[in-house]
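Peer 1: The sequence shown runs 1331 to 1905 under the numbering used here.
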Amino acid sequence: MRLLIPNRKFILFIFLLFYLSSSAISDVIHDQKIISDMVNSINLDNIMQTILNLQENRDINSPDKAYKSRYCLRVRDTDNPTDGACDNAGDYIFNRLSSYGLRVEFDPFIHTVTDSYSGKQGNYKMRNVISTLKGKGSHSDITFIVCAHYDSFAGLSAGWMWNWGSLPAPGADDNASGVAVLIELARILSQYDFDFTIKFIAFTGEELGMFGSKDYAKKASSRGQKIAGVINIDMIGFDPDELDIDIIANYDSEWLAYAIEHNRREFGIKLAVNKIIDPKMIYSDHSSFWKFGYNAILVNEGIKEKQSEINHTADDTIDKLTPELIYETAKLIISTIARLADPISEGDNEINADLAIDIDPYCKSVILEPQMPITLKATIKNLGDEDANDITIQIWLIPSESWLQPKLIKEIKSDIKSKMSQTINETIKLHNWGDYQVIIRVNPDFSIFESNYLNNVAVALISISSEYGISDLAIYPNPVYINKKAEVNIRYRLSNDAKVVVNILDIAGNLIFEKEFSAGENGGHIGPNNIIRWDIQSTNDHNKSIASGIYICQAIAEYPNGERRSVSKKLALIR
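1) So who's on the other strand from Asn1819, going by DSSP bridges?
2) Determine the direct distance from the alpha carbon of Ile1800 to that of Ile1531, and round the result to whole angstroms.
3) What is the DSSP secondary structure of Asn1773, reduced to helix, strand or coil?
4) Tell me whether His1479 is buried or exposed, calling it buried when 16 or more other Cβ atoms sit within 10 Å of its Cβ.
5) Going by alpha carbons, who is nearest to Pro1736 out of Asn1505, Asp1608, Asp1367?
6) In three-state terms, what does DSSP make of Tyr1811?
7) Is the segment 1377-1386 touching the segment 1362-1369, taking contact as three or more C-beta pairs under 8 Å?
8) Lys1749 and Asn1719: beta carbons closer than 9 Å?
9) Out of Ile1640, Lys1845, Ile1561, point me to the one whose CA is closest to Asp1865's CA.
10) Near Tyr1766, what residues of its chain come up, given a Cβ to Cβ distance below 8 Å and the 5 sequence neighbours on each side ignored?
11) For Met1702, which of helix, strand or coil comes out of DSSP?
12) Determine the direct distance from the alpha carbon of Trp1733 to that of Thr1869, and round the result to whole angstroms.
13) Quick check on the DSSP output: the alpha helix (DSSP H) that includes Thr1408 runs from which residue to which?
14) According to DSSP, is Glu1435 helix, strand or coil?
15) Leaving out the 5 sequence neighbours to the left and right, which residues in its chain are closer than 6 Å to Trp1494 when beta-carbon positions are compared?
16) Measure from the C-beta of Tyr1588 to each C-beta in chain D and report whether the shortest distance is under 9 Å.
17) Helix, strand or coil for Asn1416 per DSSP?
18) Is the CB-CB distance between Gly1485 and Asp1574 below 9 Å?
19) Could you give the residue range of the beta strand (DSSP E) that holds Ala1579?
20) So, Lys1398 versus Asn1391, is the Cβ gap smaller than 9 Å?
21) Between Tyr1522 and Pro1673, is the Cβ-Cβ spacing less than 9 Å?
22) Out of Glu1537, Leu1903, Ile1904, Ile1886, which has the shortest C-alpha to C-alpha gap to Val1897?
23) Do three or more CB pairs link the segment 1656-1667 to the segment 1553-1573 at distances below 8 Å?
24) Which residue's Cα is closest to the Cα of Cys1931: Ile1460, Leu1432, Arg1905, Asn1425?
25) Can you find the residues in the same chain that come closer than 8 Å, C-beta to C-beta, to Lys1694, ignoring five residues on each side of it along the sequence?
26) Identify whether Arg1616 lies in helix, strand or coil by the three-state DSSP scheme.
27) Residues in its own chain within less than 6 Å of Leu1784 by CB, not counting five upstream and five downstream?
28) Examine the Cβ distances between the segment 1608-1618 and the segment 1537-1553 and report whether three or more of them are shorter than 8 Å.
29) DSSP three-state call for Lys1899: helix, strand or coil?
30) Just grab the DSSP bridge partners of Ile1778 for me.
31) Please work out which residues of its chain come closer than 6 Å, Cβ to Cβ, to Lys1464, disregarding the five sequence neighbours upstream and downstream, and give them in chain order.
32) Please work out which residues of its chain come closer than 7 Å, Cβ to Cβ, to Asn1418, disregarding the five sequence neighbours upstream and downstream, and give them in chain order.
33) Can the beta-carbon of Ala1415 be found less than 9 Å from the beta-carbon of Phe1524?
34) Examine the Cβ distances between the segment 1824-1834 and the segment 1848-1864 and report whether three or more of them are shorter than 8 Å.
35) Would you list the residues sitting across from Trp1726 in a DSSP beta bridge?
36) Assign Gly1764 to buried or exposed, taking buried as 16 or more other Cβ atoms, counted over all protein chains shown, within 10 Å of its Cβ.
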């Protein structure tokens, strides 16, 4: 039951707390020296040797035997016996990470495969490899993750479907390059202490659907694991022209992309960075963390414009790679993860710049009527001992329509002196029913580097609702030219969750198409419902022949107390 707030005006209070320690500047200079030493410790020969070792994947117990594949179904514990090539690679990674004094463990899970021809099922026990560098400071309960998938795939090779158990899948670029950098980072970072915890995770099952990272992210979410950010390394070894990489983020994770760019400039890394905000780029392990609300980015050699011809073939070998790209990318990632995890040393007081947002818990979710003025009132306080200059504060609106981009309502630059505060006000009106988000961001452009970015964003949920109503029925295309691929897309807006029946009637009132949606699901939830499709050529329940003519599309909403509302529109079909 949604309770409406009847007031003529609503004020949404959001409080932003800004902390800047008096020792922050000296701490940053100290950190820069430590991180520069880490960057200079990157050893390209180590990385390239690890790539070669993973490519060849020699048997741990019989080095004369090289599997030349890390395909994720080639495991030891399975209903369908294999040579265990992928498990052998997992053992190699486990041993390498253990040699640096890290706590390392296998994280097993069962993956079931059903043969599409025989219907026979097979269970495969796969293993992620997780190593942990425990934080030594006050934020040790918060984790940064560096990850890369270690399984390989050569699905474009002739006969792969039937002979994957014996065919080579060297996967030098995809993704021995990422795992080798992960191992090199673990070697160096394990020699230092950090405020935050760092996990180095080698996932398996990525090539078949990110199974390893999905399993891990789901379990992390269920146990309430605090993950500040994830850097996923996937294919960083191939670049036929200039040295550049893509950093793919969703809107919530954009700050991590800014952190990457910040470190590129700060440490003079010779690599162009392309920041791409694309929530639909879900084809690697970072997306598993997005699903559960964690911030994550993908570091990749370039997805859209220069896809390697060797990818997913037996030709993905070390001789095709661009070592300089791998080297510069490794330096970029180690500087970023070290800066975020915040290195500490003897006498370090562990205090850095930390911007924080706190939102009144009573204002996290409110339900209002359309057209009600909403005043967003944000108070920014600088509780530190240093003045804060040129800090960016943004107010964003996430529309109820999922197909629309977030809208920047207001952006200001502010100078806030120590122990002082500033208040900003912005009044908005939301005209249409639906669920909206108001997001306040502070320091979104990383003008001040922060380790703890978890508290820089506040989200308020606003539902615009009325008791009963359905509106904005849209049909497209209209008219529809009937052919083999003809379909009608239907969209409408509800004032509240309701059961909805969508009908298509001919001009005589005969039912041609009918579909029912439960309250709360797509088709029956508050706000815009998009998209209900009618495939005209498919056989419908009433076996009616679809002829040219004028039809009526009708959407009927029924609310829990029996109240009904409907909306209709004409539809033209042309053969």
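Cβ atoms here follow ideal geometry from the backbone N, Cα and C, with glycine treated the same way.
Peer 2: According to the data block:
1) Tyr1806, Arg1863
2) 49 Å
3) coil
4) buried
5) Asp1608
6) strand
7) no
8) no
9) Lys1845
10) Leu1727, Ile1728, Pro1729, Ser1730, Leu1760, Leu1791, Ile1792, Ser1793, Ile1794
11) coil
12) The pLDDT assigned to Thr1869 is 44, lower than 50, so where the model puts this residue is not dependable, and the model offers no usable value.
13) Run containing Thr1408: none; DSSP gives neither H nor E here.
14) strand
15) Tyr1401
16) Here there is only one protein chain, and chain D is not present.
17) In the sequence under discussion, the amino acid at residue 1416 is Cys, which differs from the Asn named in the question. Helix.
18) no
19) 1574-1579
20) no
21) yes
22) Ile1886
23) yes
24) Outside the displayed range of the chain (1331 to 1905) lies residue 1931, so it cannot be described from this structure.
25) Summary for Lys1694: the model assigns pLDDT 46, below 50, so the residue's position carries little reliability; its value from the coordinates is reported in the next sentence. Result list for Lys1694: Val1789, Ala1790, Leu1791, in chain order.
26) According to the sequence shown, residue 1616 is His rather than Arg. His1616: helix per DSSP, three-state reduction.
27) Ala1558
28) yes
29) strand
30) None, per the DSSP bridge assignment.
31) Thr1527
32) Asn1387, Asp1389, Ile1390, Tyr1397
33) no
34) yes
35) Leu1738, Ile1769
36) buried
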